[in-house]
Amino acid sequence: MSQDRPRYWLIKSEPDEYGWDDLVAEGEGLWEGVRNHSAKLNLQAMEVGDQCFFYHSREGLEIVGIAEVSVAGIGDPTDDTGKWAAVKVKPLRKLDNPVTLKQIKAEPRLVDCELVRMSRLSVAKITPEEWDIICAMAQGG
DNA sequence: GCCAACGTTGGC
DNA sequence: GCCAACGTTGGC
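Counted from 1, the first sequence has number 31 at position 44 by the working numbering; the numbering is strictly sequential.
Printed below as a string of structure tokens:
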């Protein structure tokens, strides 16, 4: 239907290793180290301008901000075989109110989202509908 | 090509 | 720190 919207994703990171604040401090972050085929396919489908929820896993368990894909379709420099993908992202804005995994699981319209269905996927797809719901929750208070 | 064993990830 | 879910590997 409406193809005039960017694609939406959710990228996970452990704040201990590389959190939202680290991304903001750097200005632009290389998203590499993904070694899962489903996640790789998502990475390869990303285009410049796509928007990503930035999710803190293990610690925090919440979406803390929105990042934008600044460079797409690059190979993972930490990989010698050349078969893994990476992208670069820039911080766009921090959420007014972080949206926790608990909130997401409590929202009936979000129980089917990739984040909930495949909890171990580090790069998940978000539909425009899911994006809008989560954005509303982030503004909700 | 199938299935069991193992390792890793992530929520609790 | 523990356990469940998923992916990958290796034997047959």
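Ideal Cβ positions, reconstructed from N, Cα and C, are used throughout, including at glycine.
Starting from residue i, follow the beta strand (DSSP E) in both directions and report where the run begins and ends.
i: L28; result: No beta strand (DSSP E) holds L28; the alpha helix (DSSP H) holding it covers 24 to 32.
i: E55; result: 49 to 62
i: S0; result: -5 to 0
i: G14; result: Premise fails: G14 is in no beta strand (DSSP E) and is neither H nor E.
For the candidate residues the options, whose alpha-carbon lies nearest to that of residue i?
i: V51; options: E19, L(-3), E13; result: L(-3)
i: V74; options: E1, V110, E19; result: E19
i: V86; options: E117, V11, D3, P78; result: E117
i: L10; options: S25, Y(-5), F40; result: F40
i: I121; options: R104, M105, D83; result: D83
i: L88; options: P78, D66, K77, M105; result: M105
i: D(-9); options: P115, S25, A32; result: P115
i: G16; options: V35, D67, V76; result: V76
i: V35; options: D66, E4, A12, I61; result: I61
i: D66; options: E94, N23, G14; result: N23
i: E4; options: G69, G47, E94; result: G47
i: G14; options: P95, E94, P78; result: P78
i: P(-7); options: A32, K81, P95, R80; result: A32
Got a sec, what are the start and stop residues for the alpha helix (DSSP H) residue i sits in?
i: L102; result: 101 to 104
Residues in its own chain within less than 7 Å of residue i by CB, not counting five upstream and five downstream?
i: E101; result: L108, A111, K112
i: R45; result: E1
i: Q90; result: M124
i: G6; result: S0, H43
i: G69; result: G62
By Cβ distance, which residues of its chain are closer than 8 Å to residue i, with the 5 residues on each side in sequence left out?
i: V21; result: K27, L30, D63, W71, A72, A73, S109, V110
i: K92; result: V98, V103
i: G127; result: N84
Looking only at its chain, what residues have a beta carbon closer than 6 Å to the beta carbon of residue i, apart from the 5 residues adjacent to it on each side?
i: Y(-5); result: Q38, I113, W118
Start-end ranges of the alpha helix (DSSP H) lying completely within the region 69 to 116, minimum 4 residues: Within the region 69 to 116, the complete alpha helix (DSSP H) segments at least 4 residues long are 88 to 93, 101 to 104, listed from N- to C-terminus.
Three CB pairs or more closer than 8 Å across the region 57 to 68 and the region 90 to 99: No, because fewer than three Cβ pairs between the region 57 to 68 and the region 90 to 99 fall closer than 8 Å, the two stretches do not touch.
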